[in-house]
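First comes the structure, then the notes that go with it.
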Amino acid sequence: KFSLINRLSDFEFHDAEFYLKSYENDTLCVTAKHLNVHKGAKENPNDYDMEIQSAEISFQQTQICSFAPLQTYRRSKDGSWHADEPPIACSGEEAKDNVITALNKGISLNCIDTRKDKESTILQLTANDGFVVEICFENVIVAWDEYTGKAWYEMQQQ
């Protein structure tokens, strides 16, 4: 069994899928599919990035900060692009409810971004499903048992 603590930079999240496992006692736990660990991580003994069969990610001391639909654009008759009405972000219980609903269905990730804020880390998840979520947490543990093979993008490079 492998586990990493507070080392999200060792993973590639593009096209990974998150599913809710639990959210209790300020710990958000998700199951991740199609998550890849970089070849430079000491837990990856291979010379290429590897896909993990299934990982459990536990965000500890978690607060769901915000949930916002992505900005949408339309093309005018003259061919120019313009933004639709700005999306309305939500926070608090409404954001939590939206995130839990999305995770129950499963979300596909485009990318993540992290930044530090005092004792917490702020994780911004951009979903292929058309929204952005910000989660604040103190620690994160990623645990998994086995690899399924090379990461999908390693296979395309062959």
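Per this note's numbering, the very first residue in the sequence shown carries number 634; after that it's consecutive.
For every residue, glycine included, the Cβ atom is placed at its ideal position computed from N, Cα and C.
Sequence-distant partners of D717 (beyond 5 residues in either direction) whose C-beta falls short of 8 angstroms from its own C-beta, in its chain, are Q704, T705, Y706, R707. Residue T660 holds the alpha-carbon nearest to the alpha-carbon of I697 among P719, T660, D680. Burial is judged here by how many other beta carbons sit within 10 angstroms of a residue's own beta carbon; H715 has fewer than 16 and is exposed. As a beta-bridge residue in DSSP terms, V775 pairs with L637, I690. A direct Cα-Cα distance of roughly 9 angstroms separates L653 from I740.
Comparing alpha-carbon positions, the option among Q789, D730, G712, T695 lying closest to C662 turns out to be T695. Cβ-Cβ distances below 7 angstroms link N737 to L653 in the same chain, with the five nearest sequence neighbours on each side left out; the list follows chain order. Cβ-Cβ distances below 7 angstroms link V670 to D643, F644, E676, N677, D682, M683, I685 in the same chain, with the five nearest sequence neighbours on each side left out; the list follows chain order.
The C-beta distance from V732 to F692 rounds to 11 angstroms, too long to fall under 8 angstroms, and the pair is not in contact. The beta carbon of N679 sits closer than 7 angstroms to those of K672, all from its chain and outside the five residues before and after it, given in chain order. Membership of Y656 in the beta strand (DSSP E) is indicated by the continuous run 650-657. Y786: not part of any beta strand (DSSP E); member of the alpha helix (DSSP H) spanning 785-789, first to last residue. Collapsing the DSSP output to three states places T660 in a strand.
Put simply, the backbone Cα of W777 is about 9 angstroms away from that of I690.
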